[in-house]
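All residue numbers in the sequence shown are consecutive under my numbering, ending with 384.
The structure appears right after this line, and notes come after that.
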Amino acid sequence: MKAVVYKDAYSVAVEEVADPAITDPRDAIIKVTTTNICGSDLHMYEGRTNVERGKVLGHENMGVVAETGPAVENFRAGDRVSVPFNVACGTCRNCVDGWTSFCLRTNPTEGVDGGAYGYASMGPWDGGQAEYLKVPYADFNLLKLPQGTTHEADFTMLSDIFPTAYFGTDLAKVSPGDTVAVYGSGPVGLLAVHSAYLRGAARVFAIDMHPDRLRIAGEFGGTPVNIADGDPAEQVIEATGGIGADCGVEAVGYQAHEPSGQERPELVMDWLVRSVRATGRLGVVGVYLPTDPGAATKAAQDGRIGFDYGRLFQKGQQIGTGQCPVKRYNERLRDLIIAGRATPSKIVSHELPLSDAPGAYDKFDKRVDGFTKVLLHPAA
Ligand SMILES: NC(=O)c1ccc[n+]([C@@H]2O[C@H](COP(=O)([O-])OP(=O)(O)OC[C@H]3O[C@@H](n4cnc5c(N)ncnc54)[C@H](O)[C@@H]3O)[C@@H](O)[C@H]2O)c1
Ligand SMILES: [Zn+2]
Ligand SMILES: [Zn+2]
Numbered sequence: 005m006k007a008v009v010y011k012d013a014y015s016v017a018v019e020e021v022a023d024p025a026i027t028d029p030r031d032a033i034i035k036v037t038t039t040n041i042c043g044s045d046l047h048m049y050e051g052r053t054n055v056e057r058g059k060v061l062g063h064e065n066m067g068v069v070a071e072t073g074p075a076v077e078n079f080r081a082g083d084r085v086s087v088p089f090n091v092a093c094g095t096c097r098n099c100v101d102g103w104t105s106f107c108l109r110t111n112p113t114e115g116v117d118g119g120a121y122g123y124a125s126m127g128p129w130d131g132g133q134a135e136y137l138k139v140p141y142a143d144f145n146l147l148k149l150p151q152g153t154t155h156e157a158d159f160t161m162l163s164d165i166f167p168t169a170y171f172g173t174d175l176a177k178v179s180p181g182d183t184v185a186v187y188g189s190g191p192v193g194l195l196a197v198h199s200a201y202l203r204g205a206a207r208v209f210a211i212d213m214h215p216d217r218l219r220i221a222g223e224f225g226g227t228p229v230n231i232a233d234g235d236p237a238e239q240v241i242e243a244t245g246g247i248g249a250d251c252g253v254e255a256v257g258y259q260a261h262e263p264s265g266q267e268r269p270e271l272v273m274d275w276l277v278r279s280v281r282a283t284g285r286l287g288v289v290g291v292y293l294p295t296d297p298g299a300a301t302k303a304a305q306d307g308r309i310g311f312d313y314g315r316l317f318q319k320g321q322q323i324g325t326g327q328c329p330v331k332r333y334n335e336r337l338r339d340l341i342i343a344g345r346a347t348p349s350k351i352v353s354h355e356l357p358l359s360d361a362p363g364a365y366d367k368f369d370k371r372v373d374g375f376t377k378v379l380l381h382p383a384a
């Protein structure tokens, strides 16, 4: 089959690789209909991870079941499914507790809990930017979707970024009437704006530097704040009568930077702590790494992000963070899509065949005007 493989920093290629095969009775093989490129893929693309050359990429996958192992009971060939990016066993202590993003069984990497498809340090699982994908523990991991092709561009957000964005607002405990500060208007930040309103927020600030992304935030009802116009924490504090937002979401991660492009991994955390009032909660879903040889400072290379912890303590704020346990949210978010209450597809900018992946990675990585979220269709 054809698949997108990692070659080197700033280089991916579509190559012929072996078809996946059922090796455990609980496996299923999915024929991939849609697979997205994620901001998280860019960490690998930019050479900022230890991903091995030849790895098949892609953790945001959906499709139709092609084949099931003999122990799979709830799914059969032809079922339309969403595949959470977490590879989870369903029976370890963390999975039983609902923390499928920290499964104790699916990632052999020393010191790292939680598996994912096609990702550095997240276990041996091939990704789904390919014609077919093997899903282990299929009964536990797969989410059933309505048959046919309806809402394809909405449902494809259920594998990662819609649940991740919602998780950010859940960690931030966004409640009816809240004012919320969302840092980052990439796909995750934009859907955090959407999620905050789904939870009843009164007002949501969307903070970024790209006018095209801030425009989409406006379509979700967000109030755009451009960091190029001055200190965004000041802008939020001023717009809230000097009080600050009730809570906040961080959807940027360790490659946070100035509008000039200069990386400062602590920058957004500093702004977030200042933007949110005392005792407010912060949902930090942007990725930070314990080691990052490409970081701008020695401290950040060792994962030491020197943000203003003193002010966080003084304000009595609480932080929640980590990889999203997709299964906790994907079924309910699916039903909001079916009911017409959620439309995460608003962020989609491009739908392309798999063969266009190399160019799409390049343009998405450069945040070229308009490249917000790319969906790949392997069968196209
Ligand atoms: N926790 C999880 O489970 C999980 C899942 C998916 C993605 N993520 C992470 O979430 C983050 C966002 O993902 P994405 O797909 O939206 O990525 P993205 O790279 O498309 O978006 C990031 C946005 O942050 C903006 N940004 C950079 N510096 C900024 C600053 N100083 N202030 C405000 N905005 C700034 C960029 O302009 C960009 O629009 C990434 O770190 C990604 O790895 C986490
Ligand atoms: Zn993703
Ligand atoms: Zn588990």
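Ideal Cβ placement from N, Cα and C applies to all residues, glycine included.
Here the structure is a predicted model, which means the values were calculated and not measured.
Residues that residue i bridges to, as DSSP identifies them
i	result
Ser385	The shown model of the chain, from 5 to 384, leaves out residue 385, and the question about it has no answer.
Thr183	Arg207
Asp12	Ser15
Pro228	Ala210
Gly324	Gly287
Pro357	His381
Thr1	In the structure displayed, the chain extends from 5 to 384; residue 1 sits before or after that span and is not available.
Ala251	Rather than Ala, the amino acid found at residue 251 in this sequence is Cys. Answer by DSSP bridge pairing, in chain order: Val184 and Arg285.
Ile41	Val378
Lys6	Glu20
Glu267	His261
Tyr136	Lys35
Gly1	Given a span of 5 to 384 for the chain in the structure shown, any question on residue 1 remains unanswerable.
Ala346	Answer is none; Ala346 lacks a bridge partner.
Val240	The partner list for Val240 (beta bridge, DSSP) is empty, contrary to what the question assumes.
Ala124	Answer is none; Ala124 lacks a bridge partner.
Val60	Val9
Gly119	Val91
Val280	Ala249
Supposed contact pair residue j and residue i - C-beta distance, whole angstroms, cut 8 Å
i	j	result
Trp129	Tyr187	In fact, because the Cβ distance is near 30 Å, the residues do not count as touching under 8 Å.
Asn145	Pro74	With 8 Å as the limit, Asn145 and Pro74 do not qualify as a contact, their Cβ atoms being about 17 Å apart.
Met273	Ser163	About 27 Å separates the two Cβ atoms, so there is no contact after all.
Ala196	Gly234	That pair is no contact at about 22 Å.
Ala185	Gly252	4 Å
Tyr10	Met48	6 Å
Pro150	Met213	Not quite, the Cβ-Cβ distance comes to about 38 Å (not below 8 Å), so this is no contact.
Asp83	Lys148	6 Å
His155	Ile34	Wrong, their Cβ atoms sit about 18 Å apart, outside the cutoff.
His63	Gly152	Going by Cβ atoms, the distance from His63 to Gly152 rounds to 25 Å, so no, they are not a contact pair.
Residue j beta carbon less than 8 Å from that of residue i
i	j	result
Gly324	Val288	yes
Gly193	Ala176	no
Phe375	Ser359	no
Gly122	Val60	yes
Lys6	Glu114	no
Ala120	Val91	yes
Lys377	Pro191	yes
Tyr424	Pro167	The displayed coordinates of the chain run from 5 to 384. Any statement about residue 424 would go beyond what the structure contains.
Ile241	Glu270	no
Arg30	Pro112	no
Gly226	Ala282	no
Thr39	Pro382	yes
Val256	Leu316	no
Val69	Ala361	no
Tyr365	Ile165	no
Ser189	Cys328	no
Met161	Pro348	yes
Gly222	Pro215	no
Thr183	Ala237	no
Gln133	Leu379	no
Gly290	Glu254	yes
Ala32	Thr95	no
Asp23	Val76	no
Distance cut-off 7 Å: residue i Cβ against heavy atoms of ligand 4
i	result
Asp164	Ligand 4 is absent from the structure shown, which contains only ligand 1, ligand 2 and ligand 3.
- request: Would you check if the stretch 45-59 and the stretch 203-222 touch, i.e. whether three or more CB-CB distances between them fall below 8 Å?
  value: no
query: Do the stretch 35-54 and the stretch 291-308 touch if we need at least three Cβ pairs shorter than 8 Å?
result: yes
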